[in-house]
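**Student:**
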Amino acid sequence: MAKQLLAKEVNADLNQRIIGRVNALKEKGIQPTLGIIRVGEKGSDLSYEKGATKRCDTLGVEYKKFVLPEDVSQEELMAVIDQVNKDDSIHGVLIFRPLPRHLDEQAVINALDPEKDVDGITDGSMVGVFAGKAQGFPPCTPQACMEILDHYGIDCTGKKAVVVGRSLVVGKPAAMMLLKKNATVTICHTKTVDMPSVVKEADIVIVAAGHPATVDDTFVRPGQIIVDVGINVNAEGKLCGDVDYAKVEPIVDAITPVPGGVGGVTTSVLISHVVEAAERKCRA
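Counting from 6, one number per residue, gives the positions in the sequence shown under our numbering.
(1) What are the uninterrupted segments assigned as beta strand (DSSP E) that are 3 or more residues long and contained completely in the stretch 34-109, given in chain order?
(2) From Val174 to Lys33, what distance separates their C-alpha atoms?
(3) State yes or no: is the C-beta of Lys185 within less than 9 Å of the C-beta of Gly137?
(4) Would you say Val280 and Val85 are within 9 Å of each other, going by their C-beta atoms?
(5) Suppose you measure from the CA of Thr162 to the CA of Val44; what does that come to, to the nearest Å?
(6) If you compare alpha carbons, which of Asn90, Leu99, Thr63 and Asp93 is closest to Val72?
(7) Please report the distance separating the alpha-carbon of Val238 from that of Asp247.
(8) When you compare the CB positions of Ala207 and Lys165, do they come within less than 9 Å of one another, or not?
(9) Taking C-beta to C-beta, are Val220 and Val253 nearer than 9 Å?
(10) Does the Cβ of Lys31 have 16 or more other Cβ atoms within 10 Å, making it buried, or fewer, making it exposed?
(11) Which word fits Asp124, buried or exposed, when buried means at least 16 other C-beta atoms lie within 10 angstroms of its C-beta?
(12) Is Gln229 helix, strand or coil when you go by DSSP?
(13) Please list the terminal residues of the continuous alpha helix (DSSP H) segment that includes Lys252.
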């Protein structure tokens, strides 16, 4: 039976550190604050917003909401971006995506100040990730993967790592973060030849394919660490990952469950980035 790499254990440690940092900022008269920009009333956005604001309340971080109608104009949305950029009381900003189709999402994203881009969506933040610079912030989900590996003492140095998926949201930044941890990294994607044999060679596997049960028992071997980023709904209406947990868990050494794994750490990472943004401003 594989060891479960659980979000609740990672969060307990991460959140304790965040509270200490928040208190240190408050002693200096700085209240870390998250700005939330949401267009419309999409259920997934509302669910994530609820989790984020609840975590803010728990950790002593304030938040300001900017809720806009589904038919908001590009000009109106860009005005809100300009407003949060200029508001010194807001240290980090979360913009829910995808935006409605009539909006130029890329223009909206890159109008945001990278120093407030706590979700790692701007080109400026991507440059920071790929160039290894302290610019902007990495996307929260791959950062959550790293927090899990760190918490459980999984040393990546010299290890073979495979990332399944090449999106800018998870796959590519996760690969860069693993490289920074001195792993030897391979990225697999839909055009990879004989993907099961490639994944089976890895010591650490991060699966962000975007499809349920992409990785099954034919991809894995004993001794591996599996980090499942996927969040899907199966035919029974239950949450599942990109890994076929029932088939993979009995074989590998450790695995993140879905739910209860990577997704559960992502919100804490977001709040940690808000606090870091406030700390940077304090040092500036």
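Just so you know, even glycine gets a beta-carbon here, dropped at the ideal spot from N, CA and C. Small disclaimer: the values here were computed from a predicted structure and weren't measured.
**Tutor:** Taking the coordinates as given:
(1) 38-44, 67-73 and 97-100
(2) Distance between the alpha carbons of Val174 and Lys33 is about 34 Å.
(3) Yes, the Cβ-Cβ distance between Lys185 and Gly137 is below 9 Å.
(4) no
(5) 42 Å
(6) Leu99
(7) 10 Å
(8) yes
(9) yes
(10) exposed
(11) buried
(12) coil
(13) Tyr250 to Val253
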